[in-house]
Amino acid sequence: MNKTRVYLFTGFLESGKSSFIQDTLLEQGFGEDEKTLIIACEEGEVAFDIPALEKENTSVEFIENEEDLNYETLLHLHQKYQPTQVMIEYNGMWDNTKFVDEICIDQWQVVQILTTISAETFDLYYNNMRGQFVYHVTGSDLVIVNRCDENTKKYPIRGSIKSLNPMCQIVYENKNRQIEDLTVNDLPYNLNDDYIEVNDMDYGIFCMHIMENPQIYENKTIKIKGKVIGRDKLIENGFVLGRQAMVCCSDDMQLLGLVCISKYAKDLIKDEWLVVDGTISLEYDESIQSNIPILHVDHLEGAKPLENEYVTFD
Numbered sequence: 119m120n121k122t123r124v125y126l127f128t129g130f131l132e133s134g135k136s137s138f139i140q141d142t143l144l145e146q147g148f149g150e151d152e153k154t155l156i157i158a159c160e161e162g163e164v165a166f167d168i169p170a171l172e173k174e175n176t177s178v179e180f181i182e183n184e185e186d187l188n189y190e191t192l193l194h195l196h197q198k199y200q201p202t203q204v205m206i207e208y209n210g211m212w213d214n215t216k217f218v219d220e221i222c223i224d225q226w227q228v229v230q231i232l233t234t235i236s237a238e239t240f241d242l243y244y245n246n247m248r249g250q251f252v253y254h255v256t257g258s259d260l261v262i263v264n265r266c267d268e269n270t271k272k273y274p275i276r277g278s279i280k281s282l283n284p285m286c287q288i289v290y291e292n293k294n295r296q297i298e299d300l301t302v303n304d305l306p307y308n309l310n311d312d313y314i315e316v317n318d319m320d321y322g323i324f325c326m327h328i329m330e331n332p333q334i335y336e337n338k339t340i341k342i343k344g345k346v347i348g349r350d351k352l353i354e355n356g357f358v359l360g361r362q363a364m365v366c367c368s369d370d371m372q373l374l375g376l377v378c379i380s381k382y383a384k385d386l387i388k389d390e391w392l393v394v395d396g397t398i399s400l401e402y403d404e405s406i407q408s409n410i411p412i413l414h415v416d417h418l419e420g421a422k423p424l425e426n427e428y429v430t431f432d
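Structure, rendered in structure tokens:
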């Protein structure tokens with residue numbers, strides 16, 4: 119027996135969840151030949167057009183209280199509507215992992231988690247409600263960053279999201295709901311330069327971009343500051359230069375590091391801070407079946423630790 123497909127939409131209030139659901143069904147034909155049930159768990163800034171949705175064989179149910187979103191309620195709705203697909207506009211203050219792990223009924227299967235983020239309020243929520251932000255992004259398959267304009271810092275936003283969920287796909291929409299590409303012009307340094315000095319504040323953006331696009335940096339000279347994480351056990355004279363990115367709190371960290379090669383590697387002390395410069399080469403890593411960037415250090419010197427050593431993406 120085929121299970122009913124469930125699409126879970128997460129994000130804060132007024133991030134565009136209801137608009138995205140409605141546009142997907144009414145304008146993109148996602149409801150064609152389907153019997154769709156929308157479960158709205160909060161009242162968004164855009165109301166659902168019930169008559170238009172009904173013409174597309176779509177029903178809407180509202181669940182306002184978290185305790186009412188339970189196994190019994192979903193089973194009742196399944197029996198009432200017998201949907202072929204379900205779209206859930208999840209309340210931005212609820213833990214969406216609980217739905218996937220505990221609430222979803224056996225007849226349904228969550229096939230995709232989509233997260234909407236308003237570029238206009240990204241900094242506010244990321245800096246002040248990061249714990250909830252983590253819930254939204256961590257399990258997401260697709261993150262839609264909407265309401266972008268010419269002032270939107272796309273790479274910092276991308277870095278913050280990717281530090282939480284490296285595997286998710288990120289799409290940017292402008293205020294006309296048109297898809298915008300991420301370009302090198304959004305980077306805080308010039309990729310046309312053969313010599314790139316990475317500012318301390320741009321460390322996270324640099325690491326994310328070079329790991330995703332190593333071929334762009336091949337043969338470029340890089341100057342960067344970080345601390346010695348330890349020796350690389352597989353590469354002769356190799357060590358890892360890195361910094362920690364704070365995912366949710368100071369107890370929840372993720373390393374962003376760069377493999378370096380230097381004849382002085384054996385003399386380096388764990389956790390000492392360095393400024394290094396050298397040339398990037400690419401080497402194939404069997405474990406990930408892809409090329410990784412390696413910095414061949416021409417010069418290194420000790421450096422003063424940063425006042426705030428944690429990586430940010432702003």
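In the numbering used here, the protein residues as written are 119 to 432. Backbone N, C-alpha and C fix where the C-beta goes; we use that ideal spot for every residue, glycine too.
Excluding the 5 residues preceding and the 5 following residue i in the sequence, name in chain order all residues of the same chain whose CB lies nearer than 6 Å to its CB.
i      : result
GLU152 : THR202 and GLN203
SER177 : LEU155 and TYR199
GLU163 : GLU132
PRO332 : LEU400, ASN409 and PRO411
TYR402 : ASN409
ARG240 : One point to set straight first is that residue 240 is Phe, not Arg, in the sequence displayed. Contacts found: ILE275.
GLN287 : LEU260
GLU184 : TRP212
ILE328 : TYR335 and PRO411
Which one or two residues does DSSP pair with residue i in a beta bridge?
i      : result
CYS286 : For CYS286, which the question treats as bridged, DSSP gives no partner whatsoever.
GLN203 : ARG123 and THR154
HIS417 : ASP395
GLN227 : ARG123
PHE180 : ALA158
PHE357 : ARG349 and CYS378
ASP267 : Note: ASP267 sits in no beta bridge, so no partner.
LYS343 : VAL393
ILE410 : GLU401
ASN310 : Answer is none; ASN310 lacks a bridge partner.
ALA363 : GLN372 and VAL429
Label residue i either buried or exposed according to how many other C-beta atoms from any shown protein chain fall within 10 Å of its C-beta, with 16 as the threshold for buried.
i      : result
VAL316 : buried
PRO411 : buried
ASN264 : buried
GLN140 : buried
THR301 : exposed
HIS417 : exposed
ALA237 : buried
TYR208 : buried
LYS384 : exposed
ILE334 : exposed
SER136 : buried
LEU242 : exposed
GLY147 : exposed
ILE314 : buried
LYS216 : exposed
ILE297 : exposed
LYS280 : buried
GLY134 : buried
Just to confirm my understanding: we take residue i, look at its own chain, exclude 5 residues before and 5 after, and list those with CB closer than 7 Å. What are they?
i      : result
ASP312 : LYS338 and THR339
PHE180 : ALA158
HIS414 : ILE379, GLY396, THR397 and SER399
TYR244 : PHE251 and SER278
THR256 : LEU282 and ASN283
LEU309 : VAL302 and ILE334
ASP318 : LYS343 and LEU424
Just checking my contact of residue i with residue j at CB under 8 Å: how many whole Å lie between their CB atoms?
i      : j      : result
ILE231 : ASP259 : 5 Å
GLN372 : TYR428 : Not quite, the Cβ-Cβ distance comes to about 10 Å (not below 8 Å), so this is no contact.
TYR253 : ASP213 : 6 Å
TRP391 : LYS341 : The Cβ separation is near 14 Å, so there is no contact.
VAL124 : ILE206 : 7 Å
LYS343 : VAL393 : 5 Å
GLY210 : GLU161 : Between GLU161 and GLY210 the Cβ distance is about 12 Å, and since that is not below 8 Å, they are no contact.
GLY129 : THR233 : 5 Å
ASN246 : ASP267 : That pair is no contact at about 22 Å.
Can you give me the Cβ contacts of residue i inside the same chain, cut-off strictly under 8 Å, excluding the 5 residues immediately before and after it?
i      : result
ASN175 : GLY149, GLU152, LYS153 and THR154
ASP167 : GLN140 and LEU144
HIS196 : THR122, ILE223, GLN225 and TRP226
LYS345 : LEU359, GLY360, ARG361, ASP389, GLU390, TRP391, LEU392, PRO423 and GLU427
ASP299 : TYR290
Could you check if residue i belongs to the surroundings of the ligand COA, using beta carbon to heavy atom distance under 7 Å?
i      : result
ASP259 : This structure lacks the ligand COA; in fact it carries no ligand of any kind.
For this session: Pair every Cβ in the stretch 378 to 398 with every Cβ in the stretch 343 to 358, then say whether three or more of these pairs are closer than 8 Å.
Result: Touching, yes, given that three or more Cβ pairs across the two stretches are closer than 8 Å.
Exercise. Does the stretch 272 to 284 come within contact of the stretch 320 to 328, defined as at least 3 CB pairs closer than 8 Å?
Worked result: A contact exists between the stretch 272 to 284 and the stretch 320 to 328.
Exercise. Taking three-plus beta-carbon pairs below 8 Å as touching, is the stretch 184 to 198 in contact with the stretch 220 to 237?
Worked result: Between the stretch 184 to 198 and the stretch 220 to 237, the count of C-beta pairs closer than 8 Å reaches three or more; the two stretches touch.
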